[in-house]
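Before any comments, here is the structure.
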Amino acid sequence: MAASVSAVRFAVCGVGHIGRRHAALIARHAGARLVALIDTRPELREELALEFPAVPFFSSLENYFAAGLGADVLTIATPNDQHAPQAIAGLRRGLHVVVEKPLALRTQDAEAILTTATQASRLVFGVMQNRYSPPAAWLKQVVAEGRLGDIYLVQINCFWNRDERYYRPGGWRGTLTQDGGTLFTQFSHFIDLLYWVFGDVTNLTARFRDFAHQHLTEFEDSGLVTFDLVRGGSGTLQYSTAVWDQNLESSLTVVAEHGSLRLGGQYMDKVDYCHLRGYELPPLPPTNPANQYGPYQGSAANHVQVIDHVIETLRQGGTATNVEEGVKVVEIIERMYKLR
Numbered sequence: 002m003a004a005s006v007s008a009v010r011f012a013v014c015g016v017g018h019i020g021r022r023h024a025a026l027i028a029r030h031a032g033a034r035l036v037a038l039i040d041t042r043p044e045l046r047e048e049l050a051l052e053f054p055a056v057p058f059f060s061s062l063e064n065y066f067a068a069g070l071g072a073d074v075l076t077i078a079t080p081n082d083q084h085a086p087q088a089i090a091g092l093r094r095g096l097h098v099v100v101e102k103p104l105a106l107r108t109q110d111a112e113a114i115l116t117t118a119t120q121a122s123r124l125v126f127g128v129m130q131n132r133y134s135p136p137a138a139w140l141k142q143v144v145a146e147g148r149l150g151d152i153y154l155v156q157i158n159c160f161w162n163r164d165e166r167y168y169r170p171g172g173w174r175g176t177l178t179q180d181g182g183t184l185f186t187q188f189s190h191f192i193d194l195l196y197w198v199f200g201d202v203t204n205l206t207a208r209f210r211d212f213a214h215q216h217l218t219e220f221e222d223s224g225l226v227t228f229d230l231v232r233g234g235s236g237t238l239q240y241s242t243a244v245w246d247q248n249l250e251s252s253l254t255v256v257a258e259h260g261s262l263r264l265g266g267q268y269m270d271k272v273d274y275c276h277l278r279g280y281e282l283p284p285l286p287p288t289n290p291a292n293q294y295g296p297y298q299g300s301a302a303n304h305v306q307v308i309d310h311v312i313e314t315l316r317q318g319g320t321a322t323n324v325e326e327g328v329k330v331v332e333i334i335e336r337m338y339k340l341r
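Under my numbering, the sequence shown has 183 at position 182, and the numbering climbs by one with no breaks.
Given below as structure tokens:
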């Protein structure tokens, strides 16, 4: 399934903050070529023509397909509810797809993407950007090597600011149908990190509250979720987007048989604490800065590694970022939200 050594051709569907970031990184990448931009907002055409000269703009995915432009990869960065149908449409047209998180809003839709990819002999790449963060990769390694022994407790805290600067009237964010909820749009990559490192969860309990966003969103702005790890140990996920003015932190703390550790910072971008038996924390590469969205910020900007992974996989063969794990993340969030 390896592609030729020529540039991998990308079409980007959805050119908001994240989609534009994908487009800019693709345009600058020596191994990639940006061949189309797709967005339902025609008013973006002139602005995008200045930023990406000679890259054609289409007002719908259907119009792009009808134009018959050759591409290898369709990158999807549209509202959450569009991820699954657009991914399936791209796969059926013979394109590999890159899907921004979340993969879908329902497990059955995520599984349909997987089935279609198999039938079409195409690859699906989920954007699981936290996996490329040096502290996260280090955590995965020390757990896989058994340096912590038995896991006792895992605590994840995600305390961010998302206010009226983010949830704009008339937009898709904050709607139950298109957005799906805080865990899907804001924190699914932290649930991915939990699953990637520690495995599946069970015995879920949850409390959800809407403290500050009653006039902004159709769902909770805060939640307290407890669970047991299938492999042993227990955990909590505490999250909120009701933090005033700016993000507070994203952190992950582990208490285990052979020691304790904590990833911290606004975006889980550093190792705050590491005290493990017979182990000294090695120097880690620097974490990329946070994504900047004007008045608010997102998690670490690791999209260039995602694009590197897509190009390397298509050129050399191999497996995509494990999309089965992306399906599992959707399933875990769905199980949590069934307790709403």
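Idealized CB from N, CA, C, for every residue including glycine.
Check for me: the beta strand (DSSP E) holding residue i runs from which residue to which?
i: Phe11; result: Val9 to Cys14
i: Thr254; result: Glu250 to Ala257
i: Ser189; result: Per DSSP, Ser189 belongs to no beta strand (DSSP E); it is in the alpha helix (DSSP H), Ser189 to Phe199.
i: Phe185; result: Note, Phe185: premise wrong, no beta strand (DSSP E); alpha helix (DSSP H) at Thr183 to Thr186.
i: Arg210; result: Val202 to Arg210
i: Val36; result: Ala33 to Ile39
i: Leu285; result: Looking at the DSSP string, Leu285 is not in any beta strand (DSSP E), and its letter there is neither H nor E.
i: Gly260; result: Gly260 to Gly265
Using 8 Å for Cβ pairs, my map puts residue i next to residue j. What's the rounded Cβ distance?
i: Ser251; j: Phe191; result: 6 Å
i: Asn303; j: Tyr133; result: 4 Å
i: Gly175; j: Leu217; result: 6 Å
i: Ala78; j: His30; result: Incorrect: roughly 16 Å between the Cβ atoms, too far for contact.
i: Trp139; j: Leu285; result: 6 Å
i: Ala37; j: Pro54; result: Not really, about 14 Å apart at Cβ, beyond 8 Å.
i: Leu96; j: Leu205; result: The Cβ separation is near 36 Å, so there is no contact.
i: His259; j: Leu238; result: Not quite, the Cβ-Cβ distance comes to about 24 Å (not below 8 Å), so this is no contact.
i: Leu92; j: Thr117; result: 5 Å
Comparing the CB of residue i with every heavy atom of the ligand PLP, is any distance shorter than 7 Å?
i: Leu51; result: You won't find the ligand PLP in this model; it holds no ligand whatsoever.
Could you pull out every residue in the same chain whose Cβ sits closer than 6 Å to the Cβ of residue i, ignoring the five residues on either side in sequence?
i: Asp193; result: Met129 and Val330
i: Cys159; result: Phe188, Phe191, Tyr240 and Ser251
i: Phe209; result: Glu221, Gly224 and Arg341
Within the same chain, show all residues whose beta-carbon is closer than 8 Å to that of residue i, passing over the 5 residues directly before and after it, in chain order.
i: Ile27; result: Phe11, Val13, Ala33, Arg34, Leu35, Thr76 and Ile308
i: Gly171; result: none
i: Phe199; result: Val144, Ile152, Val155, Leu230, Arg232, Gly234 and Gly236
i: Val244; result: Phe160, Trp161 and Asn162
i: Glu326; result: Gly127, Met129, Asp193, Tyr196 and Trp197
i: Thr178; result: Asp82
i: Ile89; result: Ala113, Ile114 and Thr117
What is the DSSP secondary structure of residue i, reduced to helix, strand or coil?
i: Lys271; result: strand
i: Ile336; result: It is worth fixing the name first, because residue 336 is Arg in this sequence and not Ile. Arg336 falls in the helix class under three-state DSSP.
i: Arg174; result: coil
i: Tyr280; result: coil
i: Phe160; result: strand
i: Leu233; result: One point to set straight first is that residue 233 is Gly, not Leu, in the sequence displayed. Residue state, collapsed to three classes: coil.
i: Lys329; result: helix
i: Gln142; result: helix
i: Phe66; result: helix
i: Val244; result: coil
i: Gln215; result: coil
i: Gln239; result: strand
i: Val155; result: strand
i: Val226; result: strand
i: Ala301; result: Because the pLDDT at Ala301 is just 49, under 50, the model does not fix this residue reliably, and the value given afterwards should be weighed accordingly. Strand.
i: His310; result: helix
Ends of the alpha helix (DSSP H) at residue i?
i: Gly346; result: No answer is possible for residue 346: the residues shown for the chain start at 2 and end at 341.
i: Gly20; result: His18 to Arg29
i: Arg46; result: Arg46 to Glu52
Tell me which residues share the same chain as residue i and place their Cβ nearer than 7 Å to its Cβ, disregarding the 5 neighbours each side in the sequence.
i: Cys1; result: Residue 1 lies beyond the range of the chain shown here (2 to 341); nothing can be said about it.
i: Leu106; result: Asn81, Asp82, Gly181 and Phe185
i: Phe349; result: The chain is shown from 2 up to 341; residue 349 falls before or after that span and cannot be answered.
Pick out the complete alpha helix (DSSP H) segments inside the region 68-134, 4 residues or longer, and give them in chain order. Complete alpha helix (DSSP H) runs here, min 4: 84-93 and 108-121.
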